[in-house]
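Please read the structure below before turning to the comments.
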Amino acid sequence: MSLPRVMIVTGTDTEVGKTVVTAALAATLARQRTVAMLKPAQTGVGPHDAGDADEVRRLSGVDSVHEGARLRDPLAPTTAARREGMALPSVLEHAQKVHTLAASHDVVLVEGSGGLLVGLDGHGAGLPELAAELELPCGFVVVARAGLGTLNHSGLTLEALRRRGHLVLGLVVGSVPQTRGLAEQTNLESLEAVTGAPLIGCVPAGAGSLPADEFRSAAPSWFGPPITTA
Ligand SMILES: Nc1ncnc2c1ncn2[C@@H]1O[C@H](COP(=O)(O)OP(=O)(O)OP(=O)(O)O)[C@@H](O)[C@H]1O
Ligand SMILES: [Mg+2]
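Residue numbers for the sequence shown follow the numbering used here, beginning at 109 and rising by one.
Okay, here's the thing in structure tokens:
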């Protein structure tokens, strides 16, 4: 499968490692392509804090990182914006930003907030609606946990994507512990069968704490096809 121009990184939950996976994808793809990254809505940060886009820049070395909106409360963007009385860009505006970035980069990575159905605009529309507005080939990467519960969360996320007709590139486990317990071991063996989606990457626990140069040189080894064959 050749990679689509737009790759949307979602997760089975918040704090599953989407940012670390996005940075690893950026570092890997940037070896042969120009890469841009967009975080449509960043919550839980003040004006001078580092957000996910900053973390992707730091780890991957990709400089073209962008934030659509920034909100202080560590909540879903739609909720945080309502509490702050702030107007968020619509998903159509987020999609237009993706088109603008795609005009000057080979690949655009988009990192959602929390899980798939979390709203990114003022009306609760999120990544599925943003993807539907795109006039470019796009595919989803689903970041999942390694531990107990991930088979159900991953299966639900894949079902929701398929029901909406979106292309799924595959699953990436965001943080694989060095010593795997019974659940981590068996989950890695079962994820593909349970979800019907390929496991296209496994990022080791601790990767986000590596020095940036080590992160960048190791990142390609965490992925298989279709990322490595692109
Ligand atoms: N492979 C990893 N190595 C080291 N740290 C990790 C790894 N995966 C996740 N983490 C850490 O776990 C926390 C959550 O990860 P991350 O920020 O990537 O989650 P997320 O899915 O992007 O969450 P959000 O929904 O807030 O965007 C962070 O502190 C991150 O540094
Ligand atoms: Mg993140």
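Cβ coordinates follow ideal geometry from the N, Cα and C atoms, glycine included.
Of the choices Asp181, Arg166, Pro285, whose alpha-carbon is the least far from that of proline 155?
On the sequence shown, position 47 is the one that residue 155 refers to. Nearest of Asp181, Arg166, Pro285 to proline 155, Cα basis: Asp181.
May I ask whether a heavy atom of ligand 2 can be found less than 7 Å away from the beta carbon of glutamate 175?
Sequence index remark: in the sequence shown, residue 175 carries index 67 (1-based). No; taking the cut-off as 7 Å, the Cβ of glutamate 175 has no heavy atom of ligand 2 nearer than that.
Does the beta carbon of aspartate 160 fall short of 7 Å from some heavy atom of ligand 2?
As a working note, residue 160 is residue 52 in the sequence shown. Answer for aspartate 160: yes, Cβ within range of ligand 2.
Going by alpha carbons, who is nearest to alanine 161 out of Pro185, Ala131, Thr258?
Residue mapping note: residue 161 aligns to position 53 of the sequence shown, counting from 1. That would be Ala131, whose Cα lies nearest to the Cα of alanine 161.
Could you tell me the distance, in whole angstroms, from the CA atom of histidine 202 to the CA atom of serine 325?
Here residue 202 refers to the residue found at position 94 of the sequence shown. Here residue 325 refers to the residue found at position 217 of the sequence shown. Using only the alpha carbons, I get a separation of about 31 Å.
Quick check on threonine 118: does DSSP put it in helix, strand or coil?
In the sequence shown, residue 118 corresponds to position 10, counting from 1. In this structure, threonine 118 counts as strand in the three-state DSSP scheme.
With a floor of 3 residues, list each beta strand (DSSP E) that falls wholly inside the segment 217-302, ordered by position along the chain.
246-252, 276-284, all fully within the segment 217-302.
Is it the case that the CB of valine 128 approaches a heavy atom of ligand 1 more closely than 7 Å?
Stepping through the sequence shown from its first residue, residue 128 is reached at position 20. Checking every heavy atom of ligand 1 against the Cβ of valine 128, one is found closer than 7 Å.
Inspect the beta-carbon positions of valine 216 and arginine 141 and report whether they are closer than 8 Å.
By one-based count along the sequence shown, residue 216 stands at place 108. By one-based count along the sequence shown, residue 141 stands at place 33. Cβ atoms of valine 216 and arginine 141: not closer than 8 Å.
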